[in-house]
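Okay, so here's the structure we're looking at.
Number of protein chains: 4
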Amino acid sequence: MLNFVNDYSEGAHPQILKRMAETNMEQLPGYGSDKYTASAKQKIREACGCPDADVWLLVGGTQTNQTVIDTITPAYAGVVAATNGHVNVHEAGAIEATGHKVLTVPGHDGKIDAADLERLCADFYADGNHTHMVFPGCVYLSHPTEYGTLYSKAELTAIADVAHKYDMPLFLDGARLGYGLTAEGTDLTLEDIARITDVFYIGGTKVGALFGEAVVFTKHNTPSHFLTQIKQHGALLAKGWLLGLQFDTLFTDGLYTRIAQNANDMAAQIRAALTAKGYLLPHDAPTNQIPVVMDQPTIERLSRDVRMDFMEKYDDTHTVMRICTSWATTQEHTDQLIALL
Amino acid sequence: MLNFVNDYSEGAHPQILKRMAETNMEQLPGYGSDKYTASAKQKIREACGCPDADVWLLVGGTQTNQTVIDTITPAYAGVVAATNGHVNVHEAGAIEATGHKVLTVPGHDGKIDAADLERLCADFYADGNHTHMVFPGCVYLSHPTEYGTLYSKAELTAIADVAHKYDMPLFLDGARLGYGLTAEGTDLTLEDIARITDVFYIGGTKVGALFGEAVVFTKHNTPSHFLTQIKQHGALLAKGWLLGLQFDTLFTDGLYTRIAQNANDMAAQIRAALTAKGYLLPHDAPTNQIPVVMDQPTIERLSRDVRMDFMEKYDDTHTVMRICTSWATTQEHTDQLIALL
Amino acid sequence: MLNFVNDYSEGAHPQILKRMAETNMEQLPGYGSDKYTASAKQKIREACGCPDADVWLLVGGTQTNQTVIDTITPAYAGVVAATNGHVNVHEAGAIEATGHKVLTVPGHDGKIDAADLERLCADFYADGNHTHMVFPGCVYLSHPTEYGTLYSKAELTAIADVAHKYDMPLFLDGARLGYGLTAEGTDLTLEDIARITDVFYIGGTKVGALFGEAVVFTKHNTPSHFLTQIKQHGALLAKGWLLGLQFDTLFTDGLYTRIAQNANDMAAQIRAALTAKGYLLPHDAPTNQIPVVMDQPTIERLSRDVRMDFMEKYDDTHTVMRICTSWATTQEHTDQLIALL
Amino acid sequence: MLNFVNDYSEGAHPQILKRMAETNMEQLPGYGSDKYTASAKQKIREACGCPDADVWLLVGGTQTNQTVIDTITPAYAGVVAATNGHVNVHEAGAIEATGHKVLTVPGHDGKIDAADLERLCADFYADGNHTHMVFPGCVYLSHPTEYGTLYSKAELTAIADVAHKYDMPLFLDGARLGYGLTAEGTDLTLEDIARITDVFYIGGTKVGALFGEAVVFTKHNTPSHFLTQIKQHGALLAKGWLLGLQFDTLFTDGLYTRIAQNANDMAAQIRAALTAKGYLLPHDAPTNQIPVVMDQPTIERLSRDVRMDFMEKYDDTHTVMRICTSWATTQEHTDQLIALL
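Here the protein sequences line up with chains R, P, A and U, keeping their order.
One rule links them: number in this note's numbering = place in the first sequence (from 1) + 110.
One rule links them: number in this note's numbering = place in the second sequence (from 1) + 110.
One rule links them: number in this note's numbering = place in the third sequence (from 1) + 110.
One rule links them: number in this note's numbering = place in the fourth sequence (from 1) + 110.
Shown next as structure tokens:
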């Protein structure tokens with residue numbers, strides 16, 4: 111059975127396991143105060159071109175979104191996200207559980223649009239009853255999005271401008287950031303993201319780590335006593351060096367982007383084959399997630415040999431399925447998949 | 111200046127103030143354990159035709175929505191409401207502050223539709239990822255709605271059927287219930303509402319009381335230790351008899367419906383005048399709230415003499431304004447308003 | 111049956127009901143934006159000698175404590191209170207419901223001690239693990255306390271000094287403030303309290319109002335968008351002028367302190383009688399609450415004619431009962447009680 | 111530098127890393143739906159002698175305490191814990207962040223006592239005002255405690271009896287459970303714990319795993335939709351098999367207890383040496399944590415060569431330090447430590 115269902119079906123890049131084994135019996139201080147975490151943070155700062163960025167390593171994506179959004183959003187405010195945004199749909203209400211409403215703008219291929227954001231804010235403040243409503247308090251977006259699509263530098267800058275105009279920090283969920291940074295045609299670098307956004311994270315779980323998300327505050331804007339707030343959210347890992355080691359490895363010799371590139375390369379081959387065979391690709395998604403429209407017979411046929419993910423209904427007889435490559439996808443599996451399409 | 115801006119611009123029906131004055135120096139036990147509260151609850155039970163209903167008296171609407179929804183909705187679930195529903199828009203995030211997401215269905219003239227609710231639930235449970243999402247946990251609707259519209263008995267029954275099919279209690283916000291019960295053409299009685307819904311409240315603040323909302327649990331479904339939960343939400347009034355006295359008065363000799371009828375009668379005259387003068391009434395709203403489309407010059411002209419409320423934009427040159435009568439609206443003011451239209 | 115069970119057994123001072131009746135049919139804007147509220151706030155500012163104080167009127171005590179503490183305390187912090195403090199024991203977990211721990215120091219006659227507070231804070235910051243603990247984030251005390259005792263100006267100043275040393279606002283719960291301000295021997299004026307504390311409230315519910323607590327922020331320290339936060343806590347009264355009218359009345363011609371004085375006068379007579387008859391008064395409580403030690407036969411004998419409140423066990427055969435006077439206590443009832451003791 | 115500061119300074123037992131490496135490129139389904147997790151759960155059920163136990167694997171201790179306590183405790187209730195309990199002191203308010211108060215009973219050598227628990231509950235329900243207070247809703251204890259002490263079977267049974275008398279589930283925090291199960295003199299087996307408590311967890315982080323805590327519900331009492339609630343708390347690990355693999359390894363061929371035994375053996379040698387050299391051991395702590403009283407010169411002398419943990423002040427000139435062994439402590443390090451004492 112071929113597995114193209116997601117990008118977190120394997121463990122970690124072997125280099126990570128190797129370093130874990132090498133350091134396994136070292137006695138290290140807990141909660142991220144170890145030397146490997148310090149090294150990882152320094153390498154991330156350098157990769158971001160942001161020497162005074164403040165970096166924190168958390169375990170998982172929902173946990174990171176919950177902790178960051180709760181701590182950067184005022185109590186009287188909510189987070190603005192795309193209707194299809196992960197925090198709005200697929201986090202079991204983790205944001206609301208911390209007391210914040212998710213305010214929505216339409217998703218366009220999964221992306222929010224600066225004009226929609228401007229409209230939401232302008233309408234809000236123009237409303238005579240707005241003090242009885244939930245203030246827009248921060249902006250959440252994912253890059254790549256849940257549809258595999260990407261913001262351009264101009265788009266992200268426009269969103270940041272609106273966010274800042276209305277005194278909202280811009281938070282970028284980079285659970286799959288590696289795949290975005292290495293996508294063909296993208297004009298957004300890690301340095302750009304560090305400069306344009308106020309806080310973002312570099313996803314490890316889906317890009318070669320066993321687990322781990324590196325949160326980067328780039329504007330001297332870390333919430334007060336953030337370690338305590340991480341702990342309060344149940345998100346502080348005792349053996350924090352496990353996170354440090356992983357990110358230190360990923361940010362050594364360009365491993366993070368190199369393995370991300372593999373996923374994009376495999377995806378490009380699959381997209382080309384899909385197009386050649388007449389499948390409809392409904393979004394301009396240049397990263398490792400490939401939304402593709404299939405009719406039911408095709409889904410049934412392929413499902414005998416390939417695991418894919420259901421995304422959403424397309425019409426009464428078609429479905430948008432997702433084929434997903436990862437840092438671990440092999441050329442052999444890719445060839446086998448293409449042969450089956 | 112004429113005031114048709116809302117239905118909570120005056121104090122209370124004089125009979126209420128009279129009884130407050132008469133009983134002012136009586137020494138009464140606190141927190142709703144007094145005889146007036148007991149009497150009010152009994153009269154409400156009788157009016158509902160539900161002898162074993164459990165009645166609780168709270169102070170305000172947002173407080174009541176927050177307390178009821180939080181206590182009837184499982185921790186892993188949200189409340190389903192119309193997009194325009196009061197709990198979704200105009201309660202400053204009070205629902206999310208208690209940890210619950212507001213899940214939305216479209217508002218049709220402010221009302222939710224059983225088919226939309228069915229679709230939301232069916233899609234939810236059909237989604238392979240639904241355990242990562244917020245369960246629909248209860249249904250909220252207002253009657254009359256924020257647009258002054260009403261559910262028919264068939265509509266409300268259909269919604270209750272879907273709610274119960276998916277194991278959700280149906281909660282009816284009756285902040286303006288009196289105006290709904292006495293509207294021309296309505297086929298929903300208080301007994302129907304008690305029978306069809308699982309919990310609802312009878313609004314006092316907007317129908318003749320200084321303040322107060324009477325929550326009625328009709329299915330032996332009061333949340334455990336509800337008094338303690340009210341207290342925990344900051345919603346337990348020390349001098350609870352003030353609520354008891356008011357509802358006892360309102361439910362004596364039909365005062366509640368009689369004064370509500372006045373608002374509807376005045377509104378009917380105004381609607382007739384508006385129609386006669388060619389104004390567009392965009393919703394079939396037979397209660398005391400009259401949404402009416404006006405162009406800017408008309409709004410400016412009328413605003414010199416009349417306070418009305420802004421509802422929403424209609425198009426680039428028109429606005430939906432709200433003219434609102436109340437239990438206290440006089441024929442004289444109604445005539446003056448009609449003359450100005 | 112004589113009633114000395116608490117200070118909220120009657121309605122309101124008749125002057126308040128009179129003004130409510132007089133203004134009942136005036137059409138007023140909601141949510142505290144009316145002229146009576148503006149007037150009340152101005153009079154309170156003047157009474158506090160704090161012309162730029164920011165005053166807000168809420169309905170009840172637990173609601174006020176919950177709203178204020180939640181909005182002035184950082185997310186990573188708790189509120190420090192006496193072990194016996196109202197927020198720690200008798201508010202059904204309303205503080206924790208908003209996410210904050212109540213950190214405790216011992217109560218001495220119901221009061222917290224600056225030295226205990228200093229020790230708690232010093233120990234906290236000296237603890238190498240304190241970033242894994244709940245920071246002390248604000249200080250709560252009641253004046254008078256739940257035991258009817260009072261802080262001296264020196265005591266309150268010392269507490270404020272510690273609070274400010276550790277960057278905590280000092281919040282004074284004045285649910286019974288009138289009885290404190292007019293107690294014999296007190297050296298704390300309303301102006302002192304406004305100067306020493308960061309936020310406090312002037313209790314109406316227990317001092318002559320139907321309901322209402324006036325929160326005063328004295329250091330330009332109102333939480334951002336406080337009206338929205340009040341609303342989010344379910345604590346915003348639609349007919350806000352009902353609060354305004356009451357406080358405007360209470361702060362006209364010294365009514366608030368005059369009626370509070372009555373309670374203290376009656377209590378002084380009762381304390382003198384209790385002492386003369388050999389009862390033990392376990393606390394130096396010069397206000398309207400009289401804790402008194404009684405054996406079981408005495409309690410049973412008195413309970414046939416007098417309602418009192420249970421406070422706590424004193425020893426195996428004695429109980430601390432509370433006799434409580436109020437603004438409404440008459441000389442006649444006081445004489446009758448004294449005759450029974 | 112010798113390291114006896116805690117039991118989470120090393121990575122994982124090598125057998126765990128080996129299996130991680132072996133399975134690293136297997137493609138596995140996420141969120142705990144994999145075969146290794148299934149196998150681990152089955153082995154844990156068998157070890158507990160509880161074939162229908164429901165087992166869940168979470169990442170860390172505070173996260174587990176927060177998720178379990180929040181989901182088993184009614185909204186109107188708190189958790190009863192020892193004053194020194196981890197949830198009361200060292201979790202940054204994670205319990206209160208989910209809305210629940212921590213109610214405390216005294217810790218006796220870190221343990222709660224059934225009689226104290228009975229008194230708290232009896233006093234609570236006897237209090238006429240208890241509906242205005244936080245109900246005792248579940249009982250939390252740790253075994254071993256934060257002091258390394260253990261409950262006897264009789265003690266734990268007595269506590270469970272009181273808990274159940276007052277309708278409270280009993281939750282046992284077994285972050286260091288292995289060290290308790292293998293301590294000399296304990297009469298509490300894993301089967302006993304499964305039978306006596308309602309829910310407990312088997313700690314992995316401190317007993318040979320990289321991370322992981324196995325929560326066991328033994329009375330068909332798993333909270334509804336628990337996976338969704340785990341997700342909502344940010345506690346659902348994407349690559350859940352990492353937890354499954356670790357517990358499967360630990361519960362194969364008795365590895366868990368075997369490595370725990372090592373810590374206890376080393377600790378026994380150290381305790382014997384301490385006693386021989388006249389140190390005061392203030393608690394009867396037969397597990398891997400050794401509280402020991404030291405004067406300041408001794409602390410300074412030892413600190414040059416040994417990392418230990420500060421526990422609490424003993425008196426003005428003495429401190430309780432903690433020497434802590436682990437599954438990874440070697441005989442060589444133990445000998446070196448003993449030579450230094």
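Quick reminder that beta carbons are idealized off the backbone N, C-alpha and C, glycines included.
No experiment lies behind these values; they were computed from the predicted model shown.
Point to revise | Reference Leu447 of chain U, options U:Asn374, U:Thr429, U:Leu412, closest by Cα | key: To locate residue 447 of chain U, count along the fourth sequence from 1; it is residue 337. Here the closest residue by C-alpha is U:Leu412.
Check your understanding: What is the DSSP secondary structure of His210 of chain P, counted as helix, strand or coil?
Key -> Along the second sequence, one-based indexing puts residue 210 of chain P at 100. In the structure shown, the three-state DSSP call for His210 of chain P is coil.
Point to revise | Validate contact between the region 226-241 of chain U and the region 276-289 of chain A using beta carbons, cut 8 Å, 3 pairs | key: Output reads no: the region 276-289 of chain A does not touch the region 226-241 of chain U.
Review point. Among all the DSSP beta bridges, which residues are the ones paired with Tyr311 of chain A?
Key: On the third sequence, position 201 is the one that residue 311 of chain A refers to. The partner list for Tyr311 of chain A (beta bridge, DSSP) reads A:Val325.
Check your understanding: Applying the criterion that 16 or more other CB atoms from any shown protein chain within 10 Å of the CB defines a buried residue, is Gly318 of chain P buried or exposed?
Key -> Taking the first residue of the second sequence as 1, we reach residue 318 of chain P at position 208. The residue in question, Gly318 of chain P, is buried, as its Cβ has 16 or more Cβ neighbours within 10 Å.
Exercise for review: Please check if any C-beta of chain P sits within less than 9 Å of the C-beta of Gly342 of chain U.
Suggested key: Indexing the fourth sequence from 1 puts residue 342 of chain U at position 232. In the sequence on display, residue 342 of chain U carries Gln and not Gly. Yes, Gln342 of chain U lies at the interface with chain P (some Cβ there is under 9 Å from its Cβ).
Review point. Tell me which same chain residues have a C-beta within less than 7 Å of the C-beta of Tyr186 of chain A, skipping the five on either side of it?
Key: Sequence index remark: in the third sequence, residue 186 of chain A carries index 76 (1-based). Taken in chain order, the residues that qualify are Phe245.
Point to revise | Candidates U:Arg286, U:Thr133, U:Ile154, U:Gly142: closest to Phe327 of chain U by CA position | key: Sequence index remark: in the fourth sequence, residue 327 of chain U carries index 217 (1-based). Across the set U:Arg286, U:Thr133, U:Ile154, U:Gly142, the C-alpha of U:Ile154 shows the shortest separation from the C-alpha of Phe327 of chain U.
Check your understanding: For Gly247 of chain R, which of helix, strand or coil comes out of DSSP?
Key -> In the first sequence, the residue the question calls residue 247 of chain R occupies position 137. Strand.
Review point. For Ser149 of chain R, which residues of its own chain have a beta-carbon under 8 Å away from its beta-carbon, when the five flanking residues on both sides are left out?
Key: As a position in the first sequence, residue 149 of chain R is number 39, starting the count at 1. Answer for Ser149 of chain R: Gly354, Asp358, listed in chain order.
Review point. What do you reckon, are the CB atoms on Val189 of chain P and Val215 of chain P nearer than 9 Å?
Key: Within the second sequence, residue 189 of chain P is the residue found at index 79, counting from 1. Within the second sequence, residue 215 of chain P is the residue found at index 105, counting from 1. If you check the CB distance, Val189 of chain P and Val215 of chain P do not come in under 9 Å.
Practice item. Anything in chain U within Cβ reach of Thr439 of chain R, meaning under 7 Å, just list it in chain order. Key: Here residue 439 of chain R refers to the residue found at position 329 when the first sequence is read from its first residue. Contact annotation for Thr439 of chain R against chain U: no contact, minimum CB-CB distance about 10 Å [criterion: below 7 Å].
**Study point:** Integer-rounded CB distance, given that Gln342 of chain U should sit under 8 Å from Gly107 of chain R
**Key:** Residue 107 of chain R is absent from the structure shown; chain R starts at 111 and stops at 451.
Review point. Nearest to Gly288 of chain R by alpha carbon, out of R:Leu260, R:Asp271, R:Ser119, R:Arg305?
Key: Sequence index remark: in the first sequence, residue 288 of chain R carries index 178 (1-based). Per the Cα distances, R:Leu260.
Review point. Leu390 of chain U: buried (16+ other C-beta within 10 angstroms of its C-beta) or exposed?
Key: Residue 390 of chain U sits at position 280 when you count from the first residue of the fourth sequence. Residue environment for Leu390 of chain U: exposed (fewer than 16 other C-beta atoms within 10 angstroms of its C-beta).
**Study point:** Asp209 of chain R: contacting residues in chain P (beta-carbon distance under 9 Å)
**Key:** Taking the first residue of the first sequence as 1, we reach residue 209 of chain R at position 99. Strictly speaking, residue 209 of chain R in this sequence is Gly, with Asp absent from that position. Here the neighbours are Gly203, Glu206, Ala207, Thr208, Gly209.
**Study point:** CB-CB length for Gly322 of chain R against Gln356 of chain R, believed under 8 Å
**Key:** On the first sequence, residue 322 of chain R is found 212 positions in, with the first residue counted as 1. On the first sequence, residue 356 of chain R is found 246 positions in, with the first residue counted as 1. Indeed, because the Cβ distance is near 5 Å, the residues count as touching under 8 Å.
Exercise for review: Go ahead and label Lys128 of chain P buried or exposed: buried means 16 or more other beta carbons lie within 10 angstroms of its beta carbon, across all protein chains shown.
Suggested key: Here residue 128 of chain P is taken as the residue at index 18 of the second sequence, counted from 1. Within 10 angstroms of the beta-carbon of Lys128 of chain P lie fewer than 16 other beta-carbons, which makes it exposed.
Check your understanding: Between which two residues does the beta strand (DSSP E) containing His242 of chain P stretch?
Key -> In the second sequence, counting from the first residue as 1, residue 242 of chain P sits at position 132. No beta strand (DSSP E) holds His242 of chain P; DSSP gives it neither H nor E.
Check your understanding: For the region 170-187 of chain U, which residues have a beta carbon sitting closer than 9 Å to at least one beta carbon of chain A?
Key -> Those residues of the region 170-187 of chain U that come within reach of chain A (Cβ to Cβ, closer than 9 Å) are Thr172, Ala185, Tyr186, Ala187.
Practice item. Using beta-carbon positions only, say whether His253 of chain U and Phe336 of chain U come within less than 9 Å of one another. Key: The residue you call residue 253 of chain U lines up with position 143 of the fourth sequence. The residue you call residue 336 of chain U lines up with position 226 of the fourth sequence. Against a cut-off of 9 Å, the Cβ pair of Phe336 of chain U and His253 of chain U comes out as no contact.
Point to revise | Sequence-distant residues of the same chain with beta carbon closer than 8 Å to Thr183 of chain P, five excluded per side | key: Indexing the second sequence from 1 puts residue 183 of chain P at position 73. For Thr183 of chain P, the CB contacts under 8 Å within the same chain, skipping 5 residues up- and downstream, are Val189, His210, Gly247, Cys248 in chain order.
Point to revise | Classification of Ser262 of chain P by the beta-carbon crowding that lies within 10 angstroms, buried from 16 upward | key: For the purposes of this step, residue 262 of chain P is identified with residue 152 of the second sequence, where counting begins at 1. Around the C-beta of Ser262 of chain P, fewer than 16 other C-beta atoms lie within 10 Å, and the residue is accordingly described as exposed.
Review point. Would His274 of chain P be called buried (16 or more neighbouring beta carbons within 10 Å of its own) or exposed?
Key: Here residue 274 of chain P corresponds to residue number 164 of the second sequence, with the count starting at 1. Exposed is the call here.
Review point. Between Ile303 of chain P and the rest of its own chain, which residues show a CB-CB distance below 7 Å, the 5 nearest in sequence each way excluded?
Key: For the purposes of this step, residue 303 of chain P is taken as residue 193 along the second sequence, with counting starting at 1. The beta carbon of Ile303 of chain P sits closer than 7 Å to the beta carbons of Leu282, Phe310 from its chain, once the five residues preceding and following it are set aside; these are given in chain order.
Check your understanding: Can you list, in chain order, the residues of its chain whose CB lies under 7 Å from that of Asn116 of chain U, leaving out five sequence neighbours each side?
Key -> Start at 1 with the first residue of the fourth sequence, and residue 116 of chain U comes out as number 6. Closer than 7 Å at the Cβ level, and outside the excluded window around Asn116 of chain U, lie Asp419, Cys434.
Practice item. Report yes if the CB atom of Thr255 of chain P is closer than 9 Å to the CB atom of Ile306 of chain P, and no otherwise. Key: If you number the second sequence from 1, residue 255 of chain P lands on position 145. If you number the second sequence from 1, residue 306 of chain P lands on position 196. Going by C-beta atoms, Thr255 of chain P is not nearer than 9 Å to Ile306 of chain P.
Practice item. Starting from the C-beta of Thr181 of chain U, find all residues in its chain whose C-beta is less than 8 Å away, skip the five residues before and the five after it, and write them out in chain order. Key: Counting from 1 along the fourth sequence, the entry for residue 181 of chain U is found at position 71. So the qualifying residues of the chain are Pro333, Phe336, Gln339.
Review point. Under 9 Å between C-beta atoms, does Leu274 of chain R make it to chain A?
Key: Here the question's residue 274 of chain R lines up with position 164 in the first sequence. As written in the sequence, residue 274 of chain R is His, which differs from the Leu given in the question. Not closer than 9 Å to any Cβ of chain A, the Cβ of His274 of chain R fails to qualify, so no.
Check your understanding: By the criterion of Cβ-Cβ separation under 9 Å, what are the contact partners of Val244 of chain A in chain U?
Key -> Within the third sequence, numbered from 1, the residue matching residue 244 of chain A stands at position 134. What Val244 of chain A touches in chain U: Val199, Glu201, Ala202, Gly203, Glu206.
Practice item. Indicate the three-state DSSP secondary structure (helix, strand or coil) for Asp445 of chain P in the structure shown. Key: Counting from one through the second sequence, the residue named residue 445 of chain P turns up at place 335. Residue state, collapsed to three classes: helix.
Exercise for review: Evaluate the contact criterion for the region 221-228 of chain A versus the region 165-180 of chain A: three or more CB pairs, one atom per stretch, below 8 Å.
Suggested key: No, the region 221-228 of chain A is not in contact with the region 165-180 of chain A.
Check your understanding: Is Lys387 of chain U buried or exposed, if buried means 16 or more other CB atoms sit within 10 Å of its CB?
Key -> Translated into the one-based positions of the fourth sequence, residue 387 of chain U becomes position 277. So Lys387 of chain U counts as exposed.
Check your understanding: In chain P, what lies closer than 9 Å to Phe420 of chain R by C-beta?
Key -> The residue labelled residue 420 of chain R in the question sits at position 310 within the first sequence. Those are Asp237, Gly238, Asn239, listed as they occur along chain P.
Check your understanding: Name the DSSP bridge partner or partners of Pro279 of chain P?
Key -> On the second sequence, position 169 is the one that residue 279 of chain P refers to. Secondary-structure assignment with DSSP links Pro279 of chain P through no beta bridge to anything.
Review point. With a CB to CB cut of under 6 Å and the five nearest residues on each side skipped, what residues in its chain are close to Asn113 of chain U?
Key: By 1-based counting over the fourth sequence, the position of residue 113 of chain U is 3. Ser119, Arg417, listed in sequence order.
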